[in-house]
Every structure is written in C-alpha cells, then in structure tokens.
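S.K.:
Below is the structure:
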C-alpha cells in the first residue's frame, strides 16, 4: 500500500503541474502512463520511503515535477505571457533541486570529514594483544573451502537428484558459525560445535518454476573445512521444508518486497544472508540501516530476520540479536568506514593533497572466526604502498568494535605471490586463494589454499604476516603446518607462544624413524596414528636415534596427525 500511495502521489503531482484544459485527452493518457510507469519503477526498485536521508524518492520527485511542468510548458508554447502566469509550476522542481543541493552539502566528505572519520571508533593495540583476541585453533578447523568451491560442491550435490535439479538452482552461499544439532532426511543426525559451514537456499530457476511450484524444498550445507561433507537438506526434525520467501521469489514471495510490504518501507536494507539456527531452521537475515550524514554515513541499526518458510518477521537491536546471527555489520559499510578512518584523521585537505599519515585498507576483506565470534579483516597500509602493511584491522561483525594491530608486514596480494612461488606450486602452476588470517603459536599468519586448474584444492600454504621468509607449504594441511612450524622455530625461536595449545611432555619408545633431508619423521610405540617431526637444526641427536631408543619429548597436543616437536632428548644416546 505504501508504494501505491507513493505512485498516486507522484501521479497527482504530475497531473496538477501538467494540466491544460485544451489538451484533456492527451493529459489523461499521459497521467495514466505516469501512474503505470512509476508504479512499475517503485514496485521493482522498492525505494526507501523516507523524505529525508534517502535519495530515491527525491530523484523520482524531481523527474515527475520537471516532466509535469515541462509538459505544460509545451502545451503553452505559443503563450507569450507564460512566464508570468505559469512559472509557479516549476517551483516543485526547484524545491527538489534545492533539496539535493542541501543534502549533497550535508553528505559531501569534504565538508564532513571529521564526522566520517569518527563513524568507526578504533582502538590501536600492539601485536601482543592479537594472541589474546584471536585464539589458535587446530589446523583441521581452518577454512579450506572458499565460496567458489563451496558453490561447485553444492551444485554437484544438487545434480545427484536429477528431478530436483531441473526445478531449482543453488542460491548465494553464506558462511556462518553454527552450534547445535538436528536431524535431516532419513533421520540422519547433524551435530555442530562452533563449526563453520556454507549454506545456500534452493532458488527457483525461472518465473515459471516459481509460478508452478510456489516454494523450494530446502537448502544445501557444505562444511567450510572439508568439501566431502555436504548435505542436501529437505527435511528438518521430521518436518518437510517448504522455502517460500526467496531472492528468486516473485511478487510477495520476494524477500525484500515481503519485508518492505510489512511495515519496513522506511528502512534501508542491506546484506541478504541466508542462515540456519542451531535447530536447522532456515532464515533470511538482513541489516536495517539509516543514513546519518545526508545521503551518506550508512549505519546498521540491527538485523531483521525472516522465517524463510512462514515469512514471520522480527526486528532486533544490535544488542538483542540472537547469538546464531553472525553478521549485523554489512561488509560494504565496514569497508567504507575503514577507508574514512584511514583518510580523514587530519582532515579532507590532507587526505587529498599532502597525504601525511594517510592510511588505506589493502585490497580485499575477509571474515576471521575465533571462539564463535566473527570479524571483518583487512590489512592497513600507507597511501600508495605496494606490498607492505602497517598492521591490520579486525572489526566485530556484530558490535562494530574495531582494533588496529600494529604489525609491520606484507599485504595479502604479496602473500599470494609468495605462495605461488613455492616449488611444488610453481612447478604445477597452482594458484593461491585469498588468504585467511589465523593465530599460529602467537604469530599472525596467512593461511592459503592452493588450487589447480579445475578449481579443486591441491595444497596449502602458511606464511607469517611480518616475515616473508617464514613460509611452509604442502599437499596436506598437516604437512604445510609442520613445514611452517619448523620455519617459525628457525626464524622466531623463543618468540613463539603456545597459545591455547595443550602442551605435553612425555617419555616414549621409538618404533620407527625415517629421514627426509634434515627433517626426521618418528613413530612411537605409545602413540598410534600420529607421527612426530623434528629437524637436526634444533635437535642434532636425531641423526643417531634408532628404533627402540627411549626419548623425552614435548609437543602441542591437538587434532593434527603430524605434530612438530617442541623439545627432543634421546635418553639412550651418549657421545
């Protein structure tokens, strides 16, 4: 109804401004055209119905008023007294132009640099704080499936059901952290504990598919750490899924139209995310926002959730949002706020001309997860810098709490070049994926997957943010981690922290030992299914170790099947 009223209002404005008694037929036809035209425009674009703060309505008002007054001027082209009698018809056009001028003045960063700078409150901290904020995790929990690969895997899974694949397609993939358990098709139970998954709805393939079916039968989950774990979910806890509200839905089934048609026409909406809660129930999560600086300065006000099956709407403040919602702060908003924070500390003129102390985000923004929390991550570099960074920033995706970590290092693009130059990758022409930031033994570390021409993951690479020499790669996560930890020992020595790794010191009996260059792989009688690695650079007595020897070792206990040694002593060896 709101958009019908808006269209009627614009039509009435056009009718008043363009009316001429000698051209009633033409005038009537044109009024009908305006009603239909702007009805279609408003129905499809869904402009935000705020008279101040959002430019869409003002643009329409300008076009309608100018068209109406201009048409009347055309009707009266032969009237020599036109300016005196009918000039008032151009007043609405003048008002819209004046409104744009005022709003533009209020929005322009040149005049409001300090307001744009202060939108993001950033705490600057030393790199030592990073270890407390971002906790180390087992290598098996690191993201190895990016959005492109997740989509391919999801499409492959959908293709296994020929009948379904002809009716629906995989929607946009969203990564999320999930804790919970629920049963899906055929009683299969899924259990998640702070796990990362990609999830996407099944979308209609076309208008006619929507018209015929009205809903889609579920969604697809892909494990973000293991592409072999994927599920087509058409039933949750014994109930068949009927996803009605979708981005491919038409008319009232369109997700954004459904929201705006139910009391939120005056709200800006951004960041469509399809997520599931801990019970497997599907929802759409959108961020509602307002513009705080004229037509600019977008600020998230909180999420709006839509039950993808029933259409039930709930709006939350940032503080009251359910824990299963990962993202309340849209990526585009945070990227713009980081840019303004880096540019306008000393004003607009300095940012444009002198550029003293100006910083800028590095290309690319990614999500970083730690202990159930998620952050927007980007490197920060001096204006004009090519490869180096002054540090990096983490912004909480829910609260917008931001920290700038002063870690001099290399940016993500340079990290990818280094990964691509690793011998095993260069020889096979593998290419690296955009890096994800992790804490490895207290060291900020880029983690990258290596892909072949097919797009499948064929290897992994770890690289210290602040030391391009500390790099480790391999065909498995465990091999790459072991190689990286050996380089950390060599380059950082006593700076390496244990973090949250459970450290153990024990005595074992050597079952088998093999050498590869200066690295030794050891199996112990007391531990099954795990191999330990050490280098003669740090433990020379490895050269004389043989099966049956008693040794004392220390290592970080985790889920990895290949564990680097932190301490090694052969108790049976004497020189």
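Residue numbers (our numbering): 1 to 575. In this text, a Cβ means the ideal position worked out from N, Cα and C, and glycines have one as well. Just so it is clear, the structure is predicted and the values come from calculations on it, not from any experiment.
Quick one: what does DSSP say residue 190 is sitting in, helix, strand or coil?
M.R.: Note: residue 190 maps to strand in three-state DSSP.
S.K.: Whose C-alpha, out of 160, 519, 340, is nearest the C-alpha of residue 116?
M.R.: Nearest C-alpha to residue 116: 340.
S.K.: Suppose contacts are defined by Cβ-Cβ distances below 8 Å. Is residue 66 in contact with residue 18 by that definition?
M.R.: It is not a contact, given that the beta carbons lie outside the stated cut-off.
S.K.: Within 10 angstroms of its Cβ, does residue 281 collect 16 or more other Cβ (buried), or is it exposed?
M.R.: Buried, since its Cβ has 16 or more Cβ neighbours within 10 Å.
S.K.: In the DSSP assignment, what are the bridge partners of residue 471?
M.R.: Answer is 463.
S.K.: Spell out a yes or no on whether the region 99-118 and the region 308-328 are touching, meaning 3 or more CB-CB pairs, one atom from each, closer than 8 Å.
M.R.: Contact fails: fewer than three Cβ-Cβ distances are below 8 Å.
S.K.: From the DSSP output, read off the bridge partner residues of residue 200.
M.R.: DSSP lists 220 as partners of residue 200.
S.K.: The beta strand (DSSP E) with residue 39 in it runs from where to where?
M.R.: Taken as a continuous stretch (DSSP letters only), residue 39 belongs to no beta strand (DSSP E), being part of the alpha helix (DSSP H) at 24-45.
S.K.: Excluding the 5 residues preceding and the 5 following residue 367 in the sequence, name in chain order all residues of the same chain whose CB lies nearer than 6 Å to its CB.
M.R.: Here the set comprises 374.
S.K.: Suppose you measure from the CA of residue 34 to the CA of residue 7; what does that come to, to the nearest Å?
M.R.: Answer to the nearest angstrom: the Cα atoms are 9 Å apart.
S.K.: Could you say if the region 389-399 and the region 407-423 meet the contact criterion of at least three C-beta pairs nearer than 8 Å?
M.R.: Cβ pair count under 8 Å is three or more, so yes.
S.K.: What would DSSP say about residue 567, mapped onto helix, strand or coil?
M.R.: Of the three classes helix, strand and coil, the one that applies to residue 567 here is strand, per DSSP.
S.K.: Applying the criterion that 16 or more other CB atoms from any shown protein chain within 10 Å of the CB defines a buried residue, is residue 485 buried or exposed?
M.R.: By the neighbour-count rule (16 or more Cβ atoms within 10 Å), residue 485 is buried.
S.K.: Residue 120: which of 210, 10, 417, 335 sits nearest, CA to CA?
M.R.: Minimum Cα distance to residue 120 is reached at 335.
S.K.: Helix, strand or coil for residue 403 per DSSP?
M.R.: Here residue 403 sits in strand by DSSP.
S.K.: Would you mind listing the alpha helix (DSSP H) stretches within the region 218-299 that are 4+ residues and don't spill past its ends, in chain order?
M.R.: The qualifying runs are 255-259.
S.K.: In chain order, what residues of the same chain lie with their CB nearer than 7 Å to the CB of residue 301, ignoring the 5 residues before and after it?
M.R.: Excluding sequence neighbours, residue 301 sits near 288, 289, 290.
S.K.: Any idea which residues DSSP pairs residue 367 with across the strands?
M.R.: Paired residue(s): 376.
S.K.: Given a cut-off of 8 Å, decide if residue 57 and residue 13 are closer than it, judged by their beta-carbon atoms.
M.R.: For residue 13 and residue 57, no; Cβs fall outside 8 Å.
S.K.: Sort 561, 545, 566, 547 by Cα distance to residue 553 and report the nearest one.
M.R.: Here the closest residue by C-alpha is 566.
S.K.: Would you identify the three-state DSSP class for residue 410, choosing helix, strand or coil?
M.R.: Here residue 410 sits in strand by DSSP.
S.K.: Among 531, 239, 447, whose alpha-carbon lies nearest the alpha-carbon of residue 416?
M.R.: Cα-wise, what sits closest to residue 416 is 447.
S.K.: If you compare alpha carbons, which of 192, 262, 268 is closest to residue 2?
M.R.: Of 192, 262, 268, the residue nearest in Cα terms is 262.
S.K.: Skipping 5 residues on each side, what residues in its chain have a beta carbon closer than 7 Å to that of residue 266?
M.R.: Closer than 7 Å at Cβ, skipping near neighbours: 48, 49, 50.
S.K.: In terms of residue numbering, what span does the beta strand (DSSP E) encompassing residue 179 cover?
M.R.: Run containing residue 179: 174-183, per the beta strand (DSSP E) assignment.
S.K.: Here's a check: name, in chain order, each residue in its chain whose Cβ is nearer than 7 Å to the Cβ of residue 345, leaving out the five neighbours to either side.
M.R.: Result list for residue 345: 117, 357, in chain order.
S.K.: Does the distance from the CB of residue 380 to the CB of residue 342 come in under 8 Å?
M.R.: Going by C-beta atoms, residue 380 is nearer than 8 Å to residue 342.
S.K.: Take residue 408 as the anchor and find which of 385, 159, 548, 538 has the nearest alpha-carbon.
M.R.: Answer by Cα proximity: 385.
S.K.: Could you check whether residue 365 and residue 309 sit closer than 8 Å to each other, using their CB atoms as the reference points?
M.R.: Going by C-beta atoms, residue 309 is not nearer than 8 Å to residue 365.
S.K.: Between which two residues does the alpha helix (DSSP H) harbouring residue 483 extend?
M.R.: Unbroken alpha helix (DSSP H) run through residue 483: 477-491.
S.K.: Which value, in whole angstroms, describes the spacing of the CA atoms of residue 504 and residue 563?
M.R.: For residue 504 and residue 563, the distance between alpha carbons rounds to 12 Å.
S.K.: Is residue 218 buried or exposed, if buried means 16 or more other CB atoms sit within 10 Å of its CB?
M.R.: Buried.
S.K.: Can you grab the Cα-Cα spacing for the pair residue 477 / residue 96, in whole Å?
M.R.: So the two alpha carbons sit approximately 60 Å from each other.
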